[in-house]
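Report on the following structure.
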Amino acid sequence: MEYNFREIEKKWQAQWNQTGAYTVTNDSDKPKFYVLDMFPYPSGAGLHVGHPLGYIASDIYSRYKRLKGFNVLHPMGYDSFGLPAEQYAIETGQHPAITTENNIRNFRSQLNKIGFCYDWSRELRTSDPPYYKWTQWIFLQLFDAWYDPTANKAKKIQELVSIFEQEGNKRFPRPSVIAFDAREWNAFDEKQQQDILMEYRLAYSAYGEVNWCEALGTVLANDEVINGLSERGGHPVVKKKMRQWYLRITAYADRLLQGLEQVEFSESLKEQQRNWIGRSQGAEIDFDIKGGGSLKVYTTRPDTIFGVDFMVLAPEHELVAAITTAEQKAAIDGYLDYVKSRSDRERMAEVKQITGCFTGAYALNPFDGREIPVWIAEYVLAGYGTGAIMAVPCGDQRDFNFARHFNIPVTNIIGSYYNGQEANPTKDAVLENSGFLDGMVMRDAINQVIEKLEEKGIGKRQINYRMRDAGYSRQRYWGEPFPIVWEDGIARVLNETELPLHLPHVDTYGPGPEGEGPLANIPEWTARHLETSTMPGYAGSSWYFLRYMDPHNKEEFCSRQASDYWGQVDLYIGGTEHAVGHLLYSRMWTKFLYDMGLIGHDEPYKKLVNQGMITGKSAVAKVVWITTPAPNNDGQPKETGYIIPFKAVPHEHADTVVETHLPVEKLSFDNNGNYYLTESDLQEIKSKYPQFEELEIAGPDSALLKGVQSASVNGQVELLTIEEKMSKRKLNTFTPDDIVDKYGADTFRMYEMFLGPIEQSKPWDTKGIEGVHRFLRKLWRLFFDEVKGKVWNDERAGEAELKVLHKTIRKVEEDTEKFSFNTAVSAFMVCVNELNELKCHKKEILEPLAVLLAAYAPHIAEELYHQVHAGEQDGNSVLDAAFPRFEEKWVTESSKEYPVSVNGKVRTTIPIALNSSAAEVETIALANETIQKWLEGRTPKKIIYVQGKMINIVV
RNA sequence: GCGGGUGUGGCGAAAUUGGUAGACGUAUCAGACUUAGGAUCUGACGCCGCGAGGCAUGGGGGUUCGAGUCCCUCCACCCGCACCA
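Adding 386 to a residue's 1-based position in the first sequence gives its number in the numbering used here.
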């Protein structure tokens, strides 16, 4: 009877399905545990071996927790709305509803083969009306709320209306809203009132500058734009003024920041979020303009106010036209034309280039009245702070560069800290040339200045964030429709009974008129004046973890009872790519729902584990060695190599050779095994093969093939390979289906874990999988012999065997608990090797081992457990078994081999009884022959005995 | 530039947290059983040395009886952010 994994896996998967083995209920005496995967976009490309890595890890942990007696929620669903799905639909010419359905089916069948323990009865799709009904509903709650900064929480908008009716907005002013009192408020007409309220709502519509992507025909959120290009597809993105919906995530900036202290995310991920939020403390300061008017700037360093040598406005700043003098008008207009001509990409690419123009105006330093020239320059951004800065060249490098470039004299306020060659941003200097601040350390001066400014009424303490409110509308078809009707410019919400507002079926979904979405082409839609844009991809994913708790609830998005029972996601596994998108939005939504009293916790995830990427190995060139008889005058045969680059293809396709041949003799190797090419060869490769564009020049006349590794056969280079992200286009993918077909799901699961630490990215290497497969076969053979059949027996286990088992239980338990799945797999392998050596076929050992393995390789574990218990009534599924109990007594030894060292160098090992006293150990150690030899008659100064570890004799 | 991380055999990696570095797996080599093996099993496998032994965890220094692990200092690579005032 051999290990027939195909039959076994098919059998148990069917069994689990039929019995609903993994269905969980919301009531149980067991403690709860919630393990969640980031649900996937059902893209058409299908899975490659990199995708399931995180799913396998979470599955192992779920199964482990279940065996340890927890009620485990482990659901799966699909983020089926959004741009990728629509793009895919457009590419294939099919309706997104159809392609999504197909992709999900395909996806599900791929997942099923791997043997996951998801509770499929809770499966959800963000594009299902019963689901997006509640996405729309939560949007309406956001629309119907404002953020009270004094209470530091969201409240119903009606409360704000009451405040306005009684006292106007003096307690809650906003820069974009005029000040009004109660009488004025009550006198406003409805449109005016609604326009004002819009400025306070957490979901609001506003006319503003957005990231417009022409190729995708939609607006994108900041996190969907990378270096001026769209994250999806890499299309150019431009700034455009449009009416848009936004989420007031900035209201939650501080709480999003503080919340990071309570959650277990990796330091780098927390840092990414902090960076994105970009909190900075400083002051706003008003500078009078000579000849009238004033200018507000934001600075984090008010202590440097006496070092201000010029001011800079963003070119888009509203004051530019007003303050420019007649003499400078032509120059300023010219500069503004230049700025307009430059795309965001150019601006970002050429940050080192210093440009700017003097307006002719002067500002006055509020403390000493010094006249300060006012410039405009690209390096000041309109969207941050006040769009204007006070420039302190001795303390800020950018200001310094600007001053040097335009020959503006630099005032030194930090004495010897400034060397005249570069700026010094220190806070430790004692201030000079700084009026009333002279002699004060900068760090302490910051508060002094702010107090003084506030006293004089020309400035105030101010905290700024880099994060902007999140764009919440997309001019696309495949998303949640907004439950909003526009009536004479007023946004009216749909009644709750009208939800879900169904996404209408359309046959074509090209853009609507004037930059509107496809919904604008539907007569019934526009007749009702319904909002024509749809919600962004992150809408549905911002709360899905709550819906899993109560997936079929028709009355509520999730009952309070269910959300209180399951609470936070205890373990969330997914990639880092959502660091500043989904992971921030879902945290905000959770905080909002908490504020509204709809759930009882305000951070969605307790612990987050980011699985690393599995990279593919692509061969980029082949080297061929040819021996020519006697090419030279000396008559010696010569071996010449040719490097043959080809398009990035995997090993299997390595024959797809392209014609360029470059002699390998031009290659030289450095100590690190990198290859060098001459410059001209490199240029030749680069011009022919775009994938080499990233190659770097390593020396004056040679170029290092960066990232190239050798595949060496008998010392001879055959293929040059690089590691890169797996993608279908590069033909370097492996699908889980193929691996599962060949080796089985259990082997696949264990091998993915065995590859290395879960959080690290690592290359896929198909060869190594044999080792894991071999392990499972060895395990099987402990139970069954190919010829003899059953070989396990009921003999009593001996101490050596019990020791092996319990050592393994402890190791696997510890490793699983700390997500060190690779070492846990190793522990299993060691265990089987040792049992083999002991020729142990005893049920007493093998049965617990099968249970132990059930988290990692559930199918074979089920089968073996079942076999061992065959003939018994009930209780023959590993799912009903308890996790084997570790017993210390089997691994503690009566004596142990101790390494004995003299002066730190280990010379021998001697057995020491565990209950020996230090004095006894000393005597035994000194009496040892080998040690006496190394002591050479010297008397020991000190004997160090580390119990359980080692003995060291110092002479 | 700022921040986070990594550096150990041919390769993926371990190391009970300061205690015999390289577990486990691959690759390679040798052997056994075989008509054969891409099945199974055994052995070798960091470097130098015939050997005893010596040297080895990116480089250099330090603390310690003892350092991959702690401290200082360079170096290399990866990831994120980047004119944010």
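We put the beta carbon where it would ideally sit given N, CA and C, even for glycine. For clarity, every value in this text was computed on a predicted model and none was experimentally measured.
- DSSP places Asp445 in the uninterrupted alpha helix (DSSP H) bounded by 438-453.
- As computed with DSSP, Trp532 is found in a beta bridge with Lys541, Arg587.
- In the structure shown, the three-state DSSP call for Lys838 is helix.
- Under the Cβ criterion (8 Å, minimum of three pairs), the segment 978-994 counts as touching the segment 946-964.
- For Ser859, same chain residues with a beta-carbon under 6 Å away, outside a window of 5 residues either side, are Gln630, Trp631, Ser919 in chain order.
- Secondary structure at Ala774: strand, using DSSP grouped into helix, strand and coil.
- With a threshold of 16 other beta carbon atoms within 10 Å, Val1173 falls short and is exposed.
- Taking all protein chains shown into account, Leu905 has 16 or more neighbouring C-beta atoms within 10 Å of its C-beta and is therefore buried.
- In the three-state reduction of the DSSP assignment, Cys944 falls in the coil class.
- According to the DSSP assignment, Arg847 belongs to no alpha helix (DSSP H) but to the beta strand (DSSP E) extending over 845-850.
- Per DSSP, Thr1119 lies in no beta strand (DSSP E) segment and is marked neither H nor E.
- In this structure, Tyr958 sits near Leu994, with a CB-CB distance shorter than 8 Å.
- With respect to the 8 Å criterion, Met1139 and Ile446 are classified as neighbours on the basis of their beta carbons.
- Its Cα nearest to that of Pro622, the residue Val605 stands out among Asn1219, Val605, Arg634.
- Taking a C-beta distance under 8 Å as the contact criterion, Thr636 and Met424 do not qualify as a contact pair.
- Counting along the chain, Cys743 sits inside the beta strand (DSSP E) bounded by residues 743-750.
- With fewer than 16 other beta carbons inside 10 angstroms of its own, Asp1127 counts as exposed.
- Membership of Gln659 in the alpha helix (DSSP H) is indicated by the continuous run 653-663.
- The Cβ atoms of Thr521 and Ala877 lie no closer than 8 Å to each other.
- Taking all protein chains shown into account, His891 has fewer than 16 neighbouring C-beta atoms within 10 Å of its C-beta and is therefore exposed.
- Beta-bridge pairing by DSSP links Met1336 to Val1332.
- Here the alpha carbon of Asn1314 sits roughly 10 Å from the alpha carbon of Trp1320.
- Taking a C-beta distance under 8 Å as the contact criterion, Phe391 and Gly1154 do not qualify as a contact pair.
- DSSP places Asn881 in no beta strand (DSSP E); its state is neither H nor E.
- Cβ-Cβ separation between Cys1217 and Leu1235: approximately 7 Å, consistent with a contact (criterion under 8 Å).
- For Cys599, the beta-bridge partners assigned by DSSP are Thr604, Val623.
- Residue environment for Asn613: exposed (fewer than 16 other C-beta atoms within 10 angstroms of its C-beta).
- Counting the other CB atoms within 10 Å of its CB gives Tyr724 a total below 16, which places it among the exposed residues.
- Per DSSP, the continuous beta strand (DSSP E) segment holding Trp761 begins and ends at 757-762.
- Secondary structure in the segment 468-532: the alpha helix (DSSP H) runs of 4 residues or longer, each lying completely within the stretch, are 469-478, 482-498, 515-529 in chain order.
- With respect to the 8 Å criterion, Ser666 and Thr686 are classified as neighbours on the basis of their beta carbons.
- Per DSSP, Tyr930 lies in no beta strand (DSSP E); the unbroken alpha helix (DSSP H) holding it starts and ends at 930-933.
- Boundaries of the beta strand (DSSP E) harbouring Phe696: 696-699, taken from the DSSP string.
- Taking a C-beta distance under 8 Å as the contact criterion, Trp1178 and His1245 do not qualify as a contact pair.
- With respect to the C-alpha of Leu750, the residue from Glu900, Val766, Met697, Ser802 having the closest C-alpha is Met697.
- For the pair Asn538 and Ile549, the Cα-to-Cα distance works out to about 16 Å.
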